[in-house]
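In my numbering, the protein residues as written are 1 to 321.
Here a beta-carbon is modelled for each residue, glycine too, at the ideal position from N, C-alpha and C.
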């Protein structure tokens, strides 16, 4: 089956947005080098209009915490996000806890002495800082915890990227009835592969690195560390039957360049390879049997290890969408 797959490394700054695209013809993949993609909506529309099944991976949260969701009237995340289109209050980052609410959950605008995630959680009616996380954000035996979707401070935060992508593209697209299907809310990934529609899934490069069996010795910001991945990456390409373009082969051999965007080019390469691994059955399209995950929180594509402990139960969780 002919299919397009892509992964976008999202950033609040359009200058730091990169994407990697591959095409399969039924037997093998041909993968292009990462390129700047300041307009994600244009990339998504180009993939959808190709007339073949297409999948886009994004390294940003697609979902909200279950105990936040338990206080919402919508049936699930997709409808929740659709209704946020054009809502400036929701997408504003709060400078103080006094303005944090269910309708304005993002915080903080800047660092303030004494601020804590626990106080942010309390302002949202949540029992503690852990409740700011989705289940898939929680630590596992092989990786540390990710950042909560509504938290916007620090090098590890994902809130600003999520806010930006939701506001600029996803919420308006859903409100306009775009031909998008968000995994896992719409079901297993392979069931979303339909010509004329675009499947969108959450794929994190740090998780992808582990899923692909790779180990980065040092920081991804360090070109010398990225250079150590050259041979292992070529082995992954061969294992997944992916033929790299000459430009991609050169980028891998060069450690993805000496400039600051090298880490972004590496990230979207890793994300796309992890997406291909799931599409071709090298890794399971796993979705936990959990109502909140399937309706509100979402999951990271390819993540099979369940974080512990299990999330806080809530008798008032909305039904699945």
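Can you have a look at residue i and say buried or exposed, based on whether 16 or more other CB atoms are within 10 angstroms of its CB?
i: residue 12; result: exposed
i: residue 217; result: exposed
i: residue 190; result: exposed
i: residue 319; result: Its pLDDT being 37, under 50, residue 319 is placed unreliably by the model, and the measurement read from it follows with that caveat. Counting Cβ neighbours within 10 Å, residue 319 comes out exposed, since fewer than 16 surround it.
i: residue 57; result: buried
i: residue 181; result: buried
i: residue 112; result: exposed
i: residue 281; result: exposed
i: residue 235; result: exposed
i: residue 3; result: buried
i: residue 54; result: buried
Could you compute how far the alpha carbon of residue i sits from the alpha carbon of residue j?
i: residue 19; j: residue 116; result: 34 Å
i: residue 222; j: residue 206; result: 15 Å
i: residue 254; j: residue 269; result: 14 Å
i: residue 300; j: residue 174; result: 21 Å
i: residue 119; j: residue 131; result: 12 Å
i: residue 7; j: residue 172; result: 20 Å
i: residue 50; j: residue 196; result: 7 Å
i: residue 227; j: residue 80; result: 42 Å
i: residue 25; j: residue 243; result: 12 Å
i: residue 156; j: residue 287; result: 25 Å
i: residue 257; j: residue 219; result: 14 Å
i: residue 179; j: residue 240; result: 29 Å
i: residue 306; j: residue 1; result: 32 Å
i: residue 52; j: residue 198; result: 9 Å
i: residue 5; j: residue 21; result: 6 Å
i: residue 41; j: residue 15; result: 15 Å
i: residue 324; j: residue 224; result: A query on residue 324 cannot be resolved here, the shown segment of the chain reaching from 1 to 321 and no further.
i: residue 39; j: residue 170; result: 12 Å
i: residue 262; j: residue 251; result: 9 Å
i: residue 185; j: residue 292; result: 10 Å
i: residue 92; j: residue 309; result: 32 Å
If residue i and residue j are in contact, beta carbons under 8 Å, what's the gap, nearest whole angstrom?
i: residue 302; j: residue 9; result: Not confirmed; about 17 Å, so no contact.
i: residue 147; j: residue 159; result: 7 Å
i: residue 68; j: residue 153; result: Incorrect: roughly 18 Å between the Cβ atoms, too far for contact.
i: residue 214; j: residue 232; result: 5 Å
i: residue 285; j: residue 188; result: 5 Å
i: residue 17; j: residue 34; result: With a Cβ gap of about 10 Å, residue 17 and residue 34 do not count as contacting.
i: residue 32; j: residue 249; result: No, residue 32 and residue 249 are not in contact; Cβ-Cβ is about 11 Å, not under 8 Å.
i: residue 162; j: residue 149; result: 6 Å
i: residue 89; j: residue 98; result: With a Cβ gap of about 14 Å, residue 89 and residue 98 do not count as contacting.
i: residue 283; j: residue 211; result: 6 Å
Identify whether residue i lies in helix, strand or coil by the three-state DSSP scheme.
i: residue 243; result: strand
i: residue 299; result: coil
i: residue 287; result: coil
i: residue 104; result: strand
i: residue 199; result: strand
i: residue 174; result: helix
i: residue 23; result: strand
i: residue 137; result: helix
i: residue 222; result: coil
i: residue 153; result: coil
i: residue 48; result: helix
i: residue 30; result: strand
i: residue 148; result: coil
i: residue 36; result: strand
i: residue 70; result: coil
i: residue 194; result: coil
i: residue 322; result: Outside the shown range of the chain (1 to 321) lies residue 322, about which nothing can therefore be said.
i: residue 227; result: helix
i: residue 87; result: coil
Any heavy atom of the ligand ADP closer than 6 Å to the Cβ of residue i?
i: residue 52; result: Of the ligands one can find in the structure shown there are none, so the ligand ADP has no counterpart to examine.
Would the region 294-308 count as touching the region 60-76 if we require 3 or more Cβ pairs under 8 Å? Segment contact: the region 294-308 against the region 60-76, three or more CB-CB distances shorter than 8 Å; contact assigned.
Assess contact between the region 92-109 and the region 269-288, defined as three or more Cβ pairs (one per stretch) separated by less than 8 Å. Is contact present? Between the region 92-109 and the region 269-288, the count of C-beta pairs closer than 8 Å stays below three; the two stretches do not touch.
Quick test of the definition: if touching needs 3 or more C-beta pairs under 8 Å, does the region 62-71 touch the region 200-211? In short, these stretches touch, since the Cβ pair count reaches three.
contact_flag[the region 84-99, the region 165-184] where n(CB pairs < 8 Å) is 3 or more: Note that the region 84-99 touches the region 165-184; at least 3 beta-carbon pairs, one per stretch, sit closer than 8 Å.
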